[in-house]
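Let me begin by presenting the structure, written as structure tokens, before commenting on it.
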Amino acid sequence: MHDEQFLKNTQVPKLLLAVNILLALFYFFMIAFFFQKGELVLFWLLIFGEVFHLWQAITFIWTIWDTEHDVPKDPQFTPPVDVFITVAGEPIDVIEATVRGALAMDYPNFYVFILNDGYVAKKENWADVVRLADQLGVNCITRRKPRGAKAGNINNGLSVTESPFVAFFDSDHIPKPEFLRETVPYFADSQLAFVQTPQFYKNSETNFVAGGAWEQQSLFFGPICKGKNRLNAVTMCGTNMVVRRTALMEVGGMYEGSIAEDFITGFFLHKNGWKSLYVPKVLARGLAPEDFLAYTKQQARWARGSLDLIFQHNLLFTRGITFKQRMQYLSSVSYFLSGWVVLIDAIIPLMFFFTGQFPIQTSTMALATVFIPYILLMLYTIQRSSNSSFTYRALAFSVAGFQIHIASSVASFFRRKSGFSITPKRAQRGNFLYLTVAQMAYIPLVVAGAAYSVVHAHGVVTPAWVANFSWGLINAVVFAKYVRAAAPQTQEPMTVSALLQATQNQEVEI
Amino acid sequence: MKRVYIPYILIGLVVFAFLFSMFYMMPQSIGLDESQTLWQAEHTFTGIFYVVGQDVHVPLYHIMLHYWLMLFGSSVTVARLLSLIFYLVTIPLVYYLGKIAFNESLSIFATILFTISPFTNWYGSIIRMYSLLTLVTVASQIFFILLFKGKPEHRKAYWFGYFFSCLLGIYTHYFFLLMLGVDGLFYIAYHKIFPKHSLRNFVMITLILAALFVPWLYYVHTLGGFGANTTPKLTAPSTVDVFNTFSNFLFGFQADPLNTAILSAWPLLTLLLFFALQKNQKVSPEGVYFTAAAIVPIVLAAALSHVIEPFYLSRYFIGFFPSFCLAVAWFFSFYPQSAATVGKFALAGFMVVMLQIQTVNPQASVKEDYSQVASYVSANASSRDIVAVSAPFTVYPFEYYYTGSATLTTLPVWDQLVSGPIPAFTTSTLAANVGTFGNYQKLYLILSYNQGYESDLQMYFETHYQRLYEQNFSPDLTLYVYQLNYNNTTLADMQTIVNSYAVSGGAGAAGTPSTEQASSTSSATLSVVNYQ
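Going down the list, the protein sequences come from chains A and B.
Each residue of the first sequence is one higher than the one before, counting from 59 in the working numbering.
Each residue of the second sequence is one higher than the one before, counting from 66 in the working numbering.
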């Protein structure tokens, strides 16, 4: 696979997108108004889920309506840039690869800083990082007083540096030589606050979890981010980006009150009227979480941080952002509420099996008539807009991780404290099935429910039973893919030398 | 799959289709449509134009059948052989179509699906134009694909082949026009992959085809329009009918409970779609073409049946079934190799099982066992009885097998030799019709092809006469025996009747289905009621 496949040919014909919306609306209105209601609680739960699906479908199509948005840049604009590499106990070889990559950037005027948080994070290798900086001839800023996790580390770095622009890299994201040349010239526009580039995972083919994590990302960093460009609503992702110092300082630096400091800070910049830009080029390559625990932590952090925007920062009514930006942020954030809808969809077949209740009463083929064209075209649109980068595995990861979304939304709603957790850069070997208890429990529940239902009906198998069993089976199969990711992995994680090799040669043979 | 095996597989598929037809299909009872076709084909050349023009069909197949019967004899088996030949020729052509559109591996799987389908095996051996329609549709698609994938130096031949196959197609079945519609839509969407001047050529072909078809349409118009003298009338399709078409394609004509279970599992399609989300899998124009050919005509015909007039029957879409097979095979190409292998085996295996069930199950929805019911009536009805079939047009297949001495009529009473439509049913005309039955002792009432008045008709007899017997021979084909008069019935007659039911378990007396046959009709409704 070519690195930038997910960035190419993302534009879907507008006629197809329009038909997509019509089919989504048709499906929704048939479900909501034309089919006979069943049990009312289940019906309204279903409608809640369908409203959510409709919202997601419409905002997705709106976002990807036009993914080709050109912005002028001035190649002569080459101001000084501070390059921050944030570190908090990651393996030395990982950090070294990134620093070497940063030093190899082809740009006339930049300074590399390692923002070493290992000391305050009580990491054993913090002093090794200092020595590495000396060895490579870069600056190392080591904090002694903890505050604000990663955001605090960055703000500390900002306080002792002065270049007008700052590039950010996580310790595992190795920039390409052209990174600064491809991003900084856009800042000739004095209203531009930050330029974001894709968070590409080079190790996506090394194991099952990393692959799923990247395939999920490919849809976001492909058509979605390209579409957000048009709406001046680019998501700040914390790494592989360049920020205008004055803009960042205007909003108080990186926001320290959230574990998704980048996302919230980007929102504040938009709120203050600054512009954002997404450069759809892979200009740095990083590491995806390679084990299930790391993946779960990463997803939980993103979910919690994003949902804080709704529950703690008044996204719906806050002033300063445009309607389009508000809708875009709402669309991004609401993805992390989808776990509730998955839960509802998973419960409905079980309710039928154990109680005989159902949300709507209609000919099963009438439902098929409105549903199949809608889902077929939607999946095709997703596949086409991601240029065949989005996969069934990614879909399974997105759907089956419902408990992460639920737990995060509850924590955010009740403002429970949540610690910043760095995604491990090395695969943790082990069995993480304990993280998928809900998914594993669902599978026998469907089987038991189906059996109970048939026995209860004196052996009669009705069309409704077949349909509900089919829905239950779909959920179970999708959950099984997720459970598989939690099971002990057999593949070896990618070594740093392989990663470096990959960075230099563009492609890596696994 | 190794290329060297493919010819053997193709030969094996053709042999399979031939033997299956010989052993299972040829002995089947003739159905209503077949009997009508035979009747139409027995006319003179101009007579065929006349009777087919009043029907909902076009005359090419009937003319071919006419000369075929003249050459080789007029038995049902001979007539069915013509269809079988078309079917057998189509099998390698489906493979060739898939090969030029995709690749050999994909194509051979599609050809296997086509050949083991209960749907094609049924219509591949009946006296109708469906196997010819499939053949010409595949031929036209081959030339259509070659227009943009074939060798440039042969392009003239492709254009001619396309034109000629389309000409045969439009005179084989009206639904072939839907194929032209799909070709047109595909051309609009993918005109860039076609050679230069193809728009001009397509327009020319369309105009010439139109010029050659308009005379026929005008002739039909002078006869009173489409289906001027045709029954049964169809009803507008429901969503179930639409999905049934796809279910019929793959799994044939199953009894209602099984078919309902299959259709109700439709959500699993969502899962199959999910599986197809794989990296680096692009949608090819050929894939779009066959998918469109498999879906668009069906959806369009269903919609038009509601807007204009109902004309929707799943068998009319048989020409699109090879496209459906190729689309399914193409869909599997999106899957990872192991998943595709499992999926292909599962699908093919399930289809083989369904083929077997359709073959042995007398309640398979497509079966019309006029042979058995005629044998039963021939053996049991005497010259003092009367036999009535309803709907009236079902007299064709019934009288093909009927050899009894009882008078045969229809309800409503219809004189086949008099031109014009079948008389409409009303309760008053029914009473008048029954009034003409005079002193007949028993009425053997055979009901099939419900035209909307079947229950009224049956209710009339239930409330006016005593029902002696009832037997269901195949789906929607039921025999009722009513006592019309007692004047000449002796006690001995009554005792004979009672004994005959008691001994045979209700299957009838001498000359009726054997015990083995009767037991094979396990789900048939069989009862003796109100016997005094």
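Every residue, glycine too, gets a C-beta built ideally from N, C-alpha and C.
Residue(s) in a DSSP beta bridge with residue i
i      : result
A453/B : T474/B, L510/B
T144/A : L173/A, D228/A
L542/B : S539/B
F168/A : V139/A
Q548/B : K507/B, Q531/B
L335/A : V253/A
R302/A : F223/A
C198/A : I172/A
G344/A : Y259/A
K95/A  : I418/A
Between the CA atoms of residue j and residue i - distance to the nearest angstrom
i      : j      : result
T323/A : V77/A  : 36 Å
G363/A : F321/A : 8 Å
Y461/B : T111/B : 21 Å
D140/A : A342/A : 16 Å
N498/B : L542/B : 22 Å
T271/B : S196/B : 24 Å
W184/A : P407/A : 52 Å
Q274/A : S396/A : 15 Å
F87/A  : A426/A : 14 Å
S349/B : L437/A : 16 Å
P578/B : T459/B : Low local confidence applies: a pLDDT of 29 at P578/B is under 50, so the model's placement there is unreliable, and no value is given.
F410/B : Q402/B : 12 Å
V300/A : F251/B : 47 Å
Q69/A  : F339/B : 22 Å
S598/B : A404/B : Chain B is shown from 66 up to 597; residue 598/B falls before or after that span and cannot be answered.
I383/B : S329/B : 23 Å
Y381/B : T424/B : 21 Å
K347/B : V353/B : 11 Å
D61/A  : Y259/A : 9 Å
R158/A : F171/A : 12 Å
I150/A : L374/A : 43 Å
S444/A : I119/A : 13 Å
R288/A : D128/A : 9 Å
L328/A : K286/A : Contrary to the premise, residue 328/A reads as His rather than Leu in this sequence. Going by the C-alpha atoms only, they are around 12 Å apart.
E351/B : F225/B : 21 Å
H529/B : P332/B : 49 Å
T144/A : L216/A : 12 Å
Assumed close pair residue i, residue j - CB separation to whole angstroms, cut-off 8 Å
i      : j      : result
I402/A : L103/A : 5 Å
Q386/A : A291/A : 4 Å
L544/B : Y441/B : 7 Å
P457/B : T475/B : 4 Å
G96/A  : F429/A : The Cβ separation is near 16 Å, so there is no contact.
P302/B : A367/B : 5 Å
V123/B : W281/B : 7 Å
Within 8 Å, strictly: CB atoms of residue i and residue j
i      : j      : result
N526/A : F411/A : yes
L130/B : T102/B : yes
M423/A : F308/B : yes
A446/B : L510/B : no
G280/A : R451/A : no
S248/A : L365/A : no
A175/B : V159/B : yes
V285/B : G118/B : yes
A82/B  : T142/B : no
A361/A : I282/A : no
I89/A  : A155/A : no
I113/B : A144/B : no
N211/A : D175/A : yes
I165/B : F213/B : no
Q531/B : Y505/B : no
Alpha helix (DSSP H) runs wholly inside the region 214 to 267 of chain A, at least 4 long, in chain order: 237 to 241
Runs of alpha helix (DSSP H) lying entirely within the region 356 to 443 of chain A, each at least 4 residues, in chain order: 381 to 392, 396 to 413, 422 to 443
Segments of 4+ residues assigned as alpha helix (DSSP H) that fall wholly inside the region 123 to 174 of chain B: 125 to 137, 141 to 166
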